[in-house]
Amino acid sequence: MIEAVKFWNEPNNKSHWAFEIDPEWQIFGNMVKLAAAAVKAENPGILRVLGGISPIDPHFIKKLENHGALENLDAVAVHGFPLDWNLWQIHEWPDKIAEIEAVTNLPVWVTEVGISSFGAEEVQEFGLRRTAELLLGRVDRALWYSLYDLPRNWEATTRHREAEGSSYYRHFHMGLLREDGTPKLALKHFSDYTPEFGICQWFHFEDHRLDNAIDWLRKLGVKRLRTGLSWADWLRPDADKWFDHVMKKLEEFDLTVTFCFTPESRGIQPHHTSPPQNIEEFADFCVTMMRRYA
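Counting from 1, position 91 in the sequence shown corresponds to residue 100 in the working numbering; the numbering is continuous, with no gaps.
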């Protein structure tokens, strides 16, 4: 069942929001404000959460508050990857949470935290256990990213590939399972922390991993699951059949569903990170998803 919805994903990251078009995030703030109000009117019992920010930046939260974007939200979310991309150390997690708590009265959720096995699986194994020690009991929600490695023939959702160099390839090694579904060292520890520790797993359109993922989530004792429903995918042929299939399969979990990604035909620029030409269309998509699945 859906317990929470998130509006967008990493809006202060160039990989997910084209802020050269919207440098003060005014369009984004208005879009979230409108969508949150629409979802609240449709189903006030569903928690409404700001899309997880990355980097963790209290000034960004204040900026959105000044735009009125937090008015109808129940929580804000952050993402952190201190052993891979962030310029802070893993033991600083409590301090990073406190930075956000200092600028908002809303609860802070950690809806993506992960460690790549790019260098060594032992690093991921250590990182999982240390992350659990630091976050469980400290925040209302902590979700590990991710269950599966990203398939090598897919592209990571980033617009920094050339600038990242070898760091780009860390995106492909964030799973507890390898691309072929075989376990890594960290997997054997994950059930020590469930059901408090959840999983964030994005399922692509017609994703071949869905059924196997559900089997693993059950084995691991996962109750809380975050995934996404893409506005861009909703305009594909037969999207309703795929969305219905996914949501039916996942109904046993406490779902946090992220609404994101602009259809190329609806963006100011023809790209999924673009602000939409009409923010009401994003709000309409959110309401459509609520009526269909919540």
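Think of the CB as a built atom: it goes at the ideal place given N, C-alpha and C, for glycine as much as any other residue.
None of these values were measured; they are calculated from a predicted model.
Specify the secondary structure class of A292 as computed by DSSP and reduced to three states. helix
Sort K232, F252 and L234 by Cα distance to A241 and report the nearest one. Comparing Cα-Cα distances from A241 to each of K232, F252 and L234, the minimum goes to F252.
On the three-pair Cβ rule with 8 Å, is the segment 178–188 touching the segment 124–131? yes
Work out the CA separation of A222 and V117 for me, nearest whole Å. 27 Å
Residue burial classification, G146 (beta-carbon count within 10 angstroms, cutoff 16): exposed
Hey, is C295's beta-carbon within less than 8 Å of any beta-carbon in chain E? Among the chains of the structure shown, chain E does not appear; only one protein chain is present.
Proximity of A47 and A292 at Cβ, strictly below 8 Å: yes
Span separating the alpha-carbon of L226 from that of G207: 9 Å
When DSSP builds the beta bridges, which residues end up paired with Y157? L186
Element boundaries [beta strand (DSSP E), containing R235]: R233 to S239
Please list the segments of the beta strand (DSSP E) lying wholly inside the segment 81–127, counting only runs of 3 or more residues, in order along the chain. 84–89 and 117–122
Quick one: is M10 buried, meaning 16 or more other Cβ sit within 10 Å of its Cβ, or exposed? exposed
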